[in-house]
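Note that the sequence shown covers residues 21 to 433 in our numbering.
Where a beta carbon is used, it is the ideal one built from N, C-alpha and C, also for glycine.
The structure under discussion appears below in the form of structure tokens.
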Amino acid sequence: MYDINQIRADFPILSREVYGKPLVYLDNAATTQKPLCVLDAMREEYLNVNANVHRGVHYLSQQATDLHEAAREKVRGFINARKIEEIVFTRGTTEAINLVASSFCQSQMQAGDEVLVTDMEHHSNIVPWQLQAQRHGIIVKHIPITDDGRLDLSTLTSQLSTRTKLVSVTHVSNVLGTVNPVGEIVKIAHQHGIPVLVDGAQSAPHMKIDVQAMDCDFYAFSGHKMYGPTGIGVLYGKEEWLEKLPPYQGGGEMIDKVTWERTTFERLPFKFEAGTPDYIATHGLAKAIEYIDSIGMENIQQHEQELTRYAMEQLQAIDDMKIYGIPQTSDLSHQPSSRDAVISFNVGQIHHLDLGTLLDRLGIAVRTGHHCAQPLMDRLGIPGTVRASFALYNTKEEIDTLVAGIQRVSKMF
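Right, here's the structure in full:
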């Protein structure tokens, strides 16, 4: 049984009011709320186990180190990586992609070499490559999308060349909700000897991730989008690739030996973890994963897919409604949907900012703007959208409230 009332009780913020209205939180693609078990675990560690991790011989340091490394093992299991050495803690998806962009371009690319991304990327999978283009003269190319928001895979093969050194692609679009066929993309790229980085910020919270089955070379995701704390994320990298890449940052924790003549670096994954890690946040992330596991990712995915399908049906009935992206799969029992729990839309000539602002006065939290995906907005020919995104604690009643709110605002215009 999926006990939605019990689940919602784990998130106290969901019971608050905004402008005298019950909060309807539909901005989960930006960040999710945190269950009490995560908050309690982090508070408990600060109160009773707070000490810097690694190398400390005293009891608290060893206890904090054990929790930190147990969190690494929890993450390894969550995405089915082969070894804990393949799990690098970062501040989030953005830093994880920047790490790969910097280290990969420095060691594996030359001027004129190419990185292939897509038209639906978040800025965090565009700008780091553009920065490397400025520094090293690499070329950033992009796979186009169809009018209904799918990747045009026919152009993937045609754009690959002997100068293509990496494909970097989002697993799920944070605007369109498109679930990209990353397994197929990886297979095509590997046939040409090209590694693949997958941006999993919008997939890790919503579906079972198996990086070995996916066979991607790198996979990045953030804790705060999957009910964990902010400021913590993960870079998975195949061991052979992480061994090849130079460190991203220098400092404490990541060294083996330092002399005035030269420095040697720690073994994996510590080579990429300079400075004091956020060991409280890693513990919080582990608790968030435990919480997800206690409900079951398959149960979460089914619940969110039903919500998305229901929302699509209800929103499409609104006059002048324009929804962007792939239509929702109608039969959820036989195949996974090609759309995740994200719906971006506009209504008539109402500016997305006006619609979002007025919905907020009704207690409904949605996201407005370009969603850090301006090239995608240019492709769609719009300045921005309203975005509703769902999580394991959302309900059909909240979607009804959203629909009623949009209808109410529409009448004002």
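DSSP on residue i, reduced to helix/strand/coil?
{"i": "D351", "result": "Reliability of the predicted coordinates at D351 is poor, the pLDDT of 41 falling under 50, and the value obtained from them is presented with this limitation in mind. Coil, per DSSP."}
{"i": "M397", "result": "helix"}
{"i": "L151", "result": "helix"}
{"i": "L255", "result": "strand"}
{"i": "P356", "result": "Annotation note: pLDDT 47 at P356 (below 50); position unreliable, coordinate value reported separately. Correct three-state label for P356: coil."}
{"i": "H162", "result": "strand"}
{"i": "M341", "result": "strand"}
{"i": "S193", "result": "coil"}
{"i": "K307", "result": "helix"}
{"i": "Y268", "result": "coil"}
{"i": "S430", "result": "helix"}
{"i": "N118", "result": "helix"}
{"i": "A233", "result": "helix"}
{"i": "T415", "result": "coil"}
{"i": "R63", "result": "helix"}
{"i": "V77", "result": "coil"}
{"i": "A240", "result": "strand"}
What is the C-beta distance between residue i and residue j, in whole angstroms, given that I count them as a contact (C-beta under 8 Å)?
{"i": "Q53", "j": "L34", "result": "7 Å"}
{"i": "V406", "j": "L375", "result": "5 Å"}
{"i": "V195", "j": "L67", "result": "Not confirmed; about 41 Å, so no contact."}
{"i": "I312", "j": "I27", "result": "Not a contact, Cβ separation roughly 11 Å."}
{"i": "I300", "j": "E65", "result": "5 Å"}
{"i": "T415", "j": "I24", "result": "6 Å"}
Here's the rule I'm using: 16 or more other beta-carbon atoms within 10 Å means buried, otherwise exposed. How should residue i be labelled?
{"i": "S122", "result": "buried"}
{"i": "A84", "result": "buried"}
{"i": "Y22", "result": "exposed"}
{"i": "M129", "result": "buried"}
{"i": "Y413", "result": "buried"}
{"i": "T284", "result": "exposed"}
{"i": "K291", "result": "buried"}
{"i": "R387", "result": "buried"}
{"i": "Y39", "result": "exposed"}
{"i": "V278", "result": "exposed"}
{"i": "W280", "result": "exposed"}
{"i": "A308", "result": "buried"}
{"i": "I359", "result": "For clarity, residue 359 is Arg in the given sequence; the question names Ile instead. Buried."}
{"i": "G425", "result": "buried"}
{"i": "L265", "result": "buried"}
{"i": "E204", "result": "exposed"}
Please state whether the Cβ-Cβ distance between residue i and residue j is less than 8 Å.
{"i": "V108", "j": "P267", "result": "no"}
{"i": "L176", "j": "I146", "result": "no"}
{"i": "A361", "j": "E324", "result": "yes"}
{"i": "H303", "j": "L87", "result": "yes"}
{"i": "F433", "j": "I370", "result": "yes"}
{"i": "I158", "j": "D133", "result": "yes"}
{"i": "L46", "j": "A393", "result": "no"}
{"i": "Y330", "j": "P55", "result": "no"}
{"i": "A411", "j": "N48", "result": "yes"}
Cβ-heavy atom distance between residue i and the ligand MG below 7 Å?
{"i": "Y247", "result": "Of the ligands one can find in the structure shown there are none, so the ligand MG has no counterpart to examine."}
Exercise for review: Give a yes or no on contact between the region 189 to 206 and the region 215 to 231, applying the rule of three or more CB pairs nearer than 8 Å.
Suggested key: yes
Practice item. Could you tell me whether the region 290 to 309 touches the region 381 to 391, using the rule of 3 or more Cβ pairs below 8 Å? Key: no
Practice item. Report yes or no: do the region 251 to 271 and the region 103 to 119 share at least 3 C-beta pairs separated by less than 8 Å? Key: yes
Exercise for review: Determine, using beta-carbon pairs with one atom in the region 236 to 251 and one in the region 111 to 120, whether at least three such pairs fall under 8 Å.
Suggested key: By the Cβ rule, the region 236 to 251 counts as touching the region 111 to 120, because three or more pairs are nearer than 8 Å.
Practice item. Determine contact between the region 328 to 335 and the region 360 to 373, defined as no fewer than three beta-carbon pairs at a distance below 8 Å. Key: Flag = yes, the region 328 to 335 and the region 360 to 373 touch.
**Study point:** contact_flag[the region 69 to 80, the region 313 to 330] where n(CB pairs < 8 Å) is 3 or more
**Key:** no
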